[in-house]
Amino acid sequence: MKLKEVDHTAMQAWSPAQNHSIYLATGTSAQQLDATFSTNASLEIFELDLSDPSLDMKSCATFSSSHRYHKLIWGPHKMDSRGNICGVLIVGGENGNIILYDPSKIIAGEKEVVIAQNDKHTGPVRALDVNIFQTNLVASGANESEIYIWDLNNFATPMTPGAKTQPPEDISCIAWNRQVQHILASASPSGRATVWDLR
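Terminal number for the sequence shown in the UniProt record's numbering: 199, no gaps in between.
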């Protein structure tokens, strides 16, 4: 049964479970055009209101961006126990950039919503995941077997899990283990998966 729909050519991410309101963030997809062939890009946040019988989701805020995205995740970093702070939107861009946005500032309609950004990757960032045990740790994957581990408290200097896999491949998926906090997996379109021990 369909509850709601959003008509966007976009990446999407749900707000963390700690949020008291349920939000869906969308970011304009990289290398895709919508039916209008628009070249505009944005981040938009919708609120899920299940008491409203219509299929439309209510748009809370839109932030115009100069970037299009390959990956969008919404992490719980810096949320308090009551869910008053909206966490952090983490996006992987076309040009090797990772951008951290403050969703509470986007919802409030503020102009300065970027927390930090880094363009350490040499190609599009197609894979991102937040460590559920240490929510300040984010893994990212891009072209040429590039994988970085980022500390959101010190975003300037990422670390690598080890030597790049050979031959180099695009990283299309990355995931922290949900039971052992120092285990990370990465995968490529060729079908190769690699498991990393970060101890």
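Cβ coordinates follow ideal geometry from the N, Cα and C atoms, glycine included. Being a predicted model, the structure only gives us computed values, none of them experimental.
Item, Value
"Extent of the continuous alpha helix (DSSP H) run through lysine 105", "103-107"
"For leucine 128, the nearest candidate out of Ile171, Tyr101, Glu110 and Glu112 (CA to CA)", "Ile171"
"Nearest to glutamate 94 (by Cα), restricted to the options Val114, Ala193, His77 and Asn118", "Asn118"
"Coarse secondary structure for proline 158, derived from DSSP in three states", "strand"
"Cut-off 8 Å between Cβ atoms - residues of its own chain near aspartate 52, not counting five sequence neighbours on either side", "Lys58"
"Proximity winner among Ala163, Ala10, Glu146 and Lys164, relative to tyrosine 69 (alpha-carbon distances)", "Ala10"
"One or two residues paired with methionine 11 in a DSSP bridge", "Gly27"
"Own chain partners of glutamine 12 with C-beta closer than 7 Å, once the 5 adjacent residues on each side are dropped", "Leu24, Ala25, Thr26 and Leu72"
"As assigned by DSSP and simplified to three states, the class of glutamate 112", "coil"
"The beta strand (DSSP E) enclosing alanine 61, as first and last residue numbers", "58-65"
"Separation of tyrosine 148 from serine 15, as counted between CA atoms", "23 Å"
"Given 8 Å, three or more beta-carbon pairs between the stretch 123-142 and the stretch 101-110", "no"
"Residue burial classification, glutamate 44 (beta-carbon count within 10 angstroms, cutoff 16)", "buried"
"Whole-angstrom distance between serine 42 and tryptophan 74, CA atom to CA atom", "16 Å"
"Outcome for valine 180 when other beta-carbon atoms lying within 10 angstroms are tallied against a minimum of 16", "exposed"
"Residue from Ala139, Asn19 and Pro124 whose Cα sits closest to the Cα of leucine 48", "Asn19"
"Helix, strand or coil at isoleucine 171 according to DSSP, with G and I counted as helix", "coil"
"Backbone CA spacing between serine 64 and isoleucine 106 [nearest angstrom]", "10 Å"
"Cutoff 8 Å: cysteine 60 Cβ touching any chain D Cβ", "Going by chain labels, chain D is absent from the structure shown, which holds only one protein chain."
"Through-space distance from isoleucine 99 to residue 220, alpha-carbon basis", "The shown model of the chain, from 1 to 199, leaves out residue 220, and the question about it has no answer."
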